[in-house]
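J.: For what it's worth, my numbering labels the leading residue of the sequence shown as -2, then goes sequentially.
Here's a structure for you.
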Amino acid sequence: MSLFDVLVGVHAVGGSVALLAGPIPMVAAKGGPLHRRAGSLYAAAMLITAVSALFLAVTVSNVLLLVIAVFSFFLVFTGTRALARRRGQPIGFLDQLVPWTALL
C-alpha cells in the first residue's frame, strides 16, 4: 500500500466523519455540550480532511483541488480561531500568517 493510498483513506474517513458530525451543531442547542462536542469533532475532521487534501492535490498536480483544500483549511482555521478570540485569546502569529499564506 502506497502513501497515496493511505492519504486517500485518511481523507475519506475524515470527510465522512465531518459529513456526519457537521449537521449536529446546526440543530443542537447553541453552546450546549452536544453542540460544542460535535462542533469540535467537525472542526478536527475537517482539519484532517483539508490537510490530507493539500498533500493529495500536490501529489496529483491538480490546482483546482489545491485551491479547494487551501480554502477549506482557511475556513476551518479562521472559524476555530474566531471562537478562541471570543474566549479572550490574543491574536497570535498564526492568525496573521495563515490568511497571507492562503492568499498567496
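Heads up, the beta-carbon is just placed ideally off N, CA and C, and yes, glycines get one too.
Please read all numbers here as calculations on a predicted model, not as lab measurements.
1. Short check: CB of residue 54 to CB of residue 15, under 8 Å?
2. Taking only the alpha-carbon atoms, compute the straight-line gap between residue 93 and residue 74 and give it to the nearest angstrom.
3. Quick one, are the C-beta atoms of residue 67 and residue 99 less than 8 Å apart?
4. When you compare each of 46, 101, 8 and 33 to residue 20 by their alpha carbons, which one comes out closest?
5. Look up residue 21 in the DSSP assignment and say whether it is helix, strand or coil.
T.: If we stick to the structure as given:
1. Working through the sequence shown from its first residue, we reach residue 54 at position 57. Working through the sequence shown from its first residue, we reach residue 15 at position 18. No, these two residues do not count as a Cβ contact at 8 Å.
2. In the sequence shown, counting from the first residue as 1, residue 93 sits at position 96. In the sequence shown, counting from the first residue as 1, residue 74 sits at position 77. Rounded to the nearest angstrom, the gap between the Cα atoms of residue 93 and residue 74 is 12 Å.
3. Here the question's residue 67 lines up with position 70 in the sequence shown. Here the question's residue 99 lines up with position 102 in the sequence shown. In this structure, residue 99 lies closer than 8 Å to residue 67 by Cβ.
4. Along the sequence shown, read from residue 1 onward, the residue named residue 20 stands at position 23. Looking at the Cα atoms, 33 is the closest of the given residues.
5. The sequence position of residue 21 within the sequence shown is 24, counting from 1. Reduced to three states, the DSSP call for residue 21 is helix.
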